[in-house]
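Everything on this sheet refers to the single structure shown next.
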Amino acid sequence: MAILYENANLATFAGAGYGVVEDGAMLVADGRLVWVGPRADAPEAASREDLGGGWVLPGFVDCHTHLVFGGDRADEFEKRLEGASYEEIARAGGGIKSTVAKTRAASFEDLFDSAARRLHFMADRGVTTVEIKSGYGLDAENELKQLAVARALGERLGVRVRTTFLGLHAVPPEFADRQAEYAAHVAAMIPAVARSGLADAVDAFADSIGFTNAETRLVFDAARAHGLPVKLHAEQLTNQRGAALAASYGAMSADHLEHLDADGIAAMAASGTVAVLLPAAFYFLRDTKLPPVAALRAAGVRMALASDCNPGSAPALDPRLVLNMGCTLFRLTPAEALAGYTREGANALGLGETCGTLEAGKAADFCVWDIERPADLVYWIGGPGPRRIFRNGEE
Ligand code: DI6
Ligand code: FE
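Okay, so the sequence shown: first residue is 0 according to numbering that gives the first Met the number 0, each after it adds one.
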């Protein structure tokens with residue numbers, strides 16, 4: 000049955016800026032937006048619903064998270080406040096490796112329950128699509144366990160989930176001092192990952208405390224051979240020219256990018272690779288090197304904004320807080336930040352035709368907010384979620 004939603008201002012994010020339609024209406028049928036425009040021009044509909052004068056935005060798309068993991072790392076937070084650096088903790092066997100031990104020890108149900116609590120929080124605050132990476136299992140069994148939990152979250156929580164295999168995240172203890180062998184082992188896991196149908200993409204952590212470009216290539220070649228698109232954690236802590244490498248594989252996105260240089264920007268612009276900015280990690284690690292936002296903007300590179308939710312570098316769940324950080328720390332405009340959490344997040348996941356804007360033909364994923372203007376969502380340092388949330392037309 001078609002329903003006309005009316006009496007709301009729309010921020011559609013179709014085209015430049017907010018794409019505002021004042022006093023707008025949306026016709027929804029079969030879970031999709033059929034028509035979007037000014038109420039005065041709205042088509043006839045058997046059923047109508049009054050949205051009470053709020054603002055409607057697309058549901059948020061959080062295109063980079065590590066939402067499924069065992070335990071947490073509050074103890075390391077304390078250590079860092081006593082003077083240890085993220086790299087020192089990682090090199091001393093803490094960091095990602097400690098989460099790996101807890102993730103391996105956790106059952107499917109334990110992982111599901113803890114991640115579901117986090118995802119409920121995000122969903123209540125307007126996230127209708129989320130990407131979830133593996134990367135804390137680091138062997139075939141536990142990586143697939145994490146990916147299966149991510150899939151189950153999507154099925155049971157009513158959020159659209161895209162999964163990413165991040166086997167090349169850290170070297171597990173059984174491969175200590177054999178990093179190159181581990182990279183080959185991860186490449187050899189790709190056929191089974193592809194066969195399982197549990198991963199929509201492949202990611203890697205190319206950095207000084209992560210993997211070399213040659214190791215990343217090995218895994219990307221395997222991904223390509225099995226039809227899986229790639230993306231990369233690039234230039235987070237050092238400039239390893241990972242973004243250019245990612246672009247050469249037609250990567251969907253390159254993420255973090257604090258140390259990105261002009262060549263990397265040009266390569267991303269040429270390949271259409273989305274820049275995913277992660278200000279919560281920048282904030283939590285007290286980084287000082289800003290990603291080159293002005294140069295990315297000037298080069299016309301699409302910029303998405305995401306939480307990077309993970310236990311080590313970004314225990315962040317609230318999209319409004321991340322939106323504010325994107326503006327305050329990275330100098331995005333509020334319109335860019337909101338487009339980054341909707342349209343560009345969808346583009347970074349290859350979902351640009353599916354969701355991320357309020358346009359006819361897309362999924363009816365939208366939130367109704369009680370605000371005066373869209374920038375209110377960004378201006379407050381965190382804040383309440385939307386009054387109503389719809390995904391595929393279902394509230
Ligand atoms: N970069 C990050 O910020 C996260 N992973 C990565 O490659 C951190 C993950 C963690 O510390 O657990
Ligand atoms: Fe990350």
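Ideal placement from N, C-alpha and C gives every residue a C-beta, glycine not left out.
It should be emphasised that the depicted structure is a prediction, and the values quoted were computed from it without experimental measurement.
Per DSSP, residue i is paired with what?
{"i": "residue 36", "result": "24"}
{"i": "residue 47", "result": "3"}
{"i": "residue 365", "result": "57 and 389"}
{"i": "residue 109", "result": "DSSP output for residue 109 lists no bridge partner at all."}
{"i": "residue 76", "result": "Beta-bridge pairing links residue 76 to no other residue."}
{"i": "residue 229", "result": "201"}
{"i": "residue 126", "result": "59"}
{"i": "residue 19", "result": "10"}
{"i": "residue 313", "result": "309"}
Distance, Cα to Cα, residue i vs residue j?
{"i": "residue 135", "j": "residue 364", "result": "30 Å"}
{"i": "residue 189", "j": "residue 147", "result": "15 Å"}
{"i": "residue 339", "j": "residue 141", "result": "32 Å"}
{"i": "residue 317", "j": "residue 306", "result": "8 Å"}
{"i": "residue 315", "j": "residue 224", "result": "34 Å"}
{"i": "residue 362", "j": "residue 90", "result": "45 Å"}
{"i": "residue 14", "j": "residue 356", "result": "9 Å"}
{"i": "residue 108", "j": "residue 23", "result": "43 Å"}
{"i": "residue 125", "j": "residue 29", "result": "21 Å"}
{"i": "residue 220", "j": "residue 167", "result": "13 Å"}
{"i": "residue 57", "j": "residue 392", "result": "12 Å"}
{"i": "residue 335", "j": "residue 175", "result": "42 Å"}
{"i": "residue 27", "j": "residue 370", "result": "23 Å"}
{"i": "residue 50", "j": "residue 358", "result": "18 Å"}
{"i": "residue 111", "j": "residue 144", "result": "10 Å"}
{"i": "residue 186", "j": "residue 154", "result": "28 Å"}
{"i": "residue 52", "j": "residue 344", "result": "27 Å"}
{"i": "residue 94", "j": "residue 184", "result": "22 Å"}
{"i": "residue 12", "j": "residue 121", "result": "21 Å"}
{"i": "residue 38", "j": "residue 62", "result": "32 Å"}
{"i": "residue 377", "j": "residue 295", "result": "21 Å"}
{"i": "residue 47", "j": "residue 251", "result": "39 Å"}
{"i": "residue 276", "j": "residue 193", "result": "28 Å"}
{"i": "residue 88", "j": "residue 97", "result": "10 Å"}
{"i": "residue 390", "j": "residue 173", "result": "43 Å"}
Could you check what DSSP says for residue i in three-state terms: helix, strand or coil?
{"i": "residue 132", "result": "strand"}
{"i": "residue 157", "result": "coil"}
{"i": "residue 388", "result": "strand"}
{"i": "residue 326", "result": "helix"}
{"i": "residue 302", "result": "strand"}
{"i": "residue 234", "result": "coil"}
{"i": "residue 255", "result": "strand"}
{"i": "residue 31", "result": "strand"}
{"i": "residue 163", "result": "strand"}
{"i": "residue 138", "result": "coil"}
{"i": "residue 102", "result": "helix"}
{"i": "residue 68", "result": "coil"}
{"i": "residue 202", "result": "strand"}
{"i": "residue 273", "result": "strand"}
{"i": "residue 210", "result": "strand"}
{"i": "residue 170", "result": "coil"}
{"i": "residue 224", "result": "helix"}
{"i": "residue 279", "result": "helix"}
{"i": "residue 359", "result": "coil"}
{"i": "residue 186", "result": "helix"}
{"i": "residue 288", "result": "coil"}
{"i": "residue 350", "result": "coil"}
{"i": "residue 331", "result": "coil"}
{"i": "residue 318", "result": "helix"}
{"i": "residue 339", "result": "helix"}
{"i": "residue 375", "result": "helix"}
{"i": "residue 248", "result": "coil"}
Between residue i and chain C, is there a C-beta pair that is closer than 8 Å?
{"i": "residue 225", "result": "No chain C appears in this structure, which consists of one protein chain only."}
Considering only heavy atoms of the ligand GTP, does any lie closer than 7 Å to the CB of residue i?
{"i": "residue 309", "result": "Within the structure as shown, the ligand GTP is missing, the only ligands being the ligand DI6 and the ligand FE."}
* Say whether the segment 208 to 222 touches the segment 239 to 257, bearing in mind that this needs 3 or more beta-carbon pairs closer than 8 Å, one atom from each stretch. => Contact holds: three or more Cβ-Cβ distances are below 8 Å.
* To do: Evaluate contact between the segment 217 to 235 and the segment 200 to 209, counting only Cβ atoms and requiring at least three cross-stretch pairs below 8 Å.
  => Three or more beta-carbon pairs drawn from the segment 217 to 235 and the segment 200 to 209 are found closer than 8 Å, and the two stretches are therefore classed as touching.
* Asked: Counting Cβ pairs, one atom from each stretch, are 3 or more of them under 8 Å apart for the segment 154 to 163 and the segment 129 to 140?
  -> Counting Cβ pairs under 8 Å, three or more are found: they touch.
* Touching by the beta-carbon criterion (3+ pairs, under 8 Å), the segment 30 to 49 and the segment 297 to 310 -> The answer is no - the segment 297 to 310 does not touch the segment 30 to 49, with fewer than three Cβ pairs under 8 Å.
* **Sufficient close CB pairs (3 or more, under 8 Å) joining the segment 310 to 318 to the segment 257 to 264** => Touching, no, given that fewer than three Cβ pairs across the two stretches are closer than 8 Å.
* With a cut-off of 8 Å, do at least 3 Cβ pairs link the segment 327 to 335 to the segment 273 to 287? -> Cβ pair count under 8 Å is three or more, so yes.
* Okay, do the segment 102 to 117 and the segment 65 to 81 touch, 3+ Cβ pairs below 8 Å being the bar? -> With the cut-off at 8 Å, the segment 102 to 117 and the segment 65 to 81 touch.
* Would the segment 112 to 130 and the segment 176 to 185 be scored as touching if the rule is three or more Cβ pairs under 8 Å? -> Counting C-beta pairs closer than 8 Å gives fewer than three between the segment 112 to 130 and the segment 176 to 185, which falls short of the contact rule.
* To do: Count the CB pairs spanning the segment 19 to 34 and the segment 0 to 7 that are closer than 8 Å, and state whether there are at least three.
  => When C-beta atoms of the segment 19 to 34 are compared with those of the segment 0 to 7, three or more pairs fall below 8 Å, so the two segments count as touching.
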